[in-house]
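Novice: Quick one: structure below, then a few questions.
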Amino acid sequence: MILDVMLPELSGFEVITQTDGIPVIFLTARSGLQDKLKGLRLGGDDYISKPFEMQELTARVEAVLRRYKGANRQFRFDDVRVDFISRRVYRGDAEIQLKPKEFDLLETLITNRNIALSREKLISLVWGFDYSGDTRTVDVHIQQLRKKLGIEERIKTVYKTGYRLEI
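In this note's numbering, the protein residues as written are 28 to 194.
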């Protein structure tokens, strides 16, 4: 989450106390040392003062995501457990065999949970920019994930957009 300290209703310092483990980068005009320290002590992963360069923001987001992904080697929801290091997925006590792209797609959906992603975005994130196949391959892989993991209600089809993993 990229969060400003100066918000209309609550301050960013108040919002961060409600984020529950989501990585947060403060991006704000408040550049005083006390504000920076407060933001970091409240759980902010980074603090960037305005004005800023977009390349710096991108690099800092990538760094936070690398740290966050490394710290979260497993993810659980319902009776599904995903081990990112071993690339294994379990439903209850049973291991579910996923094809490599199915696992990559599941990892992408988890990383971007509660966010609607277009088929084109999923293609670029999972298959790569140089993929020349049909976007319907996303639909087939989504169908397989739903079936194998029993998460039909978790992976939502977003009309005229794509898909969203709701957790």
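The beta carbon of each residue, even a glycine, is placed where N, CA and C say it ideally should be.
Give the secondary structure of Val-116 by DSSP, where H, G and I count as helix, E and B as strand, and everything else as coil.
Specialist: Strand, per DSSP.
Novice: For the beta strand (DSSP E) containing Ile-169, name the first residue and the last one.
Specialist: Per DSSP, Ile-169 is not a residue of any beta strand (DSSP E); the alpha helix (DSSP H) it occupies stretches across 163–176.
Novice: Could you give the first and the last residue of the continuous alpha helix (DSSP H) run that contains Arg-146?
Specialist: 146–149
Novice: For Glu-180, which of Phe-156, Pro-127, Phe-104 and Met-28 has the nearest alpha-carbon?
Specialist: Phe-104
Novice: For a quick check, are the C-beta atoms of Leu-152 and Thr-135 less than 8 angstroms apart?
Specialist: Yes, the pair counts as a contact, with Cβ atoms nearer than the cut-off.
Novice: In whole angstroms, what is the alpha-carbon distance linking Tyr-74 and Arg-68?
Specialist: One C-alpha to the other measures close to 11 angstroms.
Novice: Which one or two residues does DSSP pair with Arg-103 in a beta bridge?
Specialist: Arg-108
Novice: Is the number of C-beta pairs between the region 104–114 and the region 54–66 that are closer than 8 angstroms three or more?
Specialist: no
Novice: Near Thr-162, which residues of its chain fall below 7 angstroms by C-beta distance, leaving aside the five closest residues on each side in sequence?
Specialist: Arg-146, Glu-147 and Ile-150
Novice: For Phe-130, count neighbouring Cβ atoms within 10 angstroms of its own Cβ and tell me buried if that reaches 16, exposed if not.
Specialist: buried
Novice: So the candidates are Arg-173, Val-51 and Tyr-190; which of them puts its Cα closest to the Cα of Arg-94?
Specialist: Val-51
Novice: Looking at Leu-34 and Leu-54, is the spacing between their C-beta atoms short of 8 angstroms?
Specialist: no
Novice: Starting from the N-terminal side, write out each stretch of the beta strand (DSSP E) that is 3 residues or longer and does not extend beyond the region 33–70.
Specialist: 52–55
Novice: Report the partner residues of Lys-183 according to the DSSP bridge assignment.
Specialist: Arg-191
Novice: Kindly indicate which residue of Gly-59, Leu-132, Leu-172 and Arg-118 has the alpha-carbon position closest to the one of Gly-155.
Specialist: Of Gly-59, Leu-132, Leu-172 and Arg-118, the residue nearest in Cα terms is Leu-132.
Novice: DSSP on Val-29, reduced to helix/strand/coil?
Specialist: At residue 29 the sequence reads Ile, which differs from the Val that was named. Note: Ile-29 maps to strand in three-state DSSP.
Novice: Using only CA atoms, which one of Ile-123, Ser-58, Leu-60 and Asp-47 lies nearest to Gly-70?
Specialist: Here the closest residue by C-alpha is Asp-47.
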